[in-house]
Structure formats: C-alpha cells, structure tokens
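In the UniProt record's numbering, the protein residues as written are 1 to 100.
Built from N, CA and C at the ideal position, the CB exists for glycine as well.
Here is the structure we will look at, set down as structure tokens.
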C-alpha cells in the first residue's frame, strides 16, 4: 500500500501508521470492503486507529493461538478508545504512545 501511495520513504511501521495518507487509504479500504460485504450501517466502523505495535503472545495482547485477549487489549488501548469516541471531526486516530 505504501508503495502504491508513493509513501515508500516511510521506513517503520510507526511512520506508516501515523501518516495521514496511509491512514486515509486504509480507512477507505475498510469502508469499501464493508460495502462489498453488504454490512449494515451499524456494522461498519466510523473511526479507525492504525496500531504499529506487534500483537504477539509475548505482549499479552493475544493468546499462543493468536486469539484476542479482549480485556488486556481494552486496557492497553483505553486512551485510544476513549479518544475515538470523543473526537467527532477526525475519522483516523492520531498515534498515542504506549509504554513498551
């Protein structure tokens, strides 16, 4: 996607996730895919946050079989989730740094 958007100069996942062009393209991809699946309006996300953190069993955000650990994810991204609900203007969330 970065290459197609002319953003190949962005070297890290963090740079990609915080780039407004990449974030907007990702959001548009999600919306187009949702439309192609005939999802109801309530099933389509209105806001998107791209995460640069790797979700591995070592981080505690997924299980060894890569199932989501919902409570740890909710706690880890609590500020991001709250910011998504508070911000009405932006559809793509800016990056909030999390302690490693």
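| task | Kindly confirm or deny that the stretch 47-55 and the stretch 5-19 touch, where touching means at least three C-beta pairs closer than 8 Å. | result | yes
| request: Whole angstroms is fine: what's the gap from residue 76's alpha carbon to residue 66's? | output: 17 Å
| field | Residue from 1, 81 and 35 whose Cα sits closest to the Cα of residue 23 | value | 1
| What's the C-alpha gap between residue 74 and residue 84? | 13 Å
| request: Look at the alpha carbon of residue 32 and the alpha carbon of residue 3, and state the distance between them as a whole number of angstroms. | output: 20 Å
| task | Identify the continuous alpha helix (DSSP H) that holds residue 67 and give its terminal residues. | result | Segment: none, residue 67 is in no alpha helix (DSSP H) and carries neither H nor E.
| Straight-line CA distance for residue 10 to residue 70? | 30 Å
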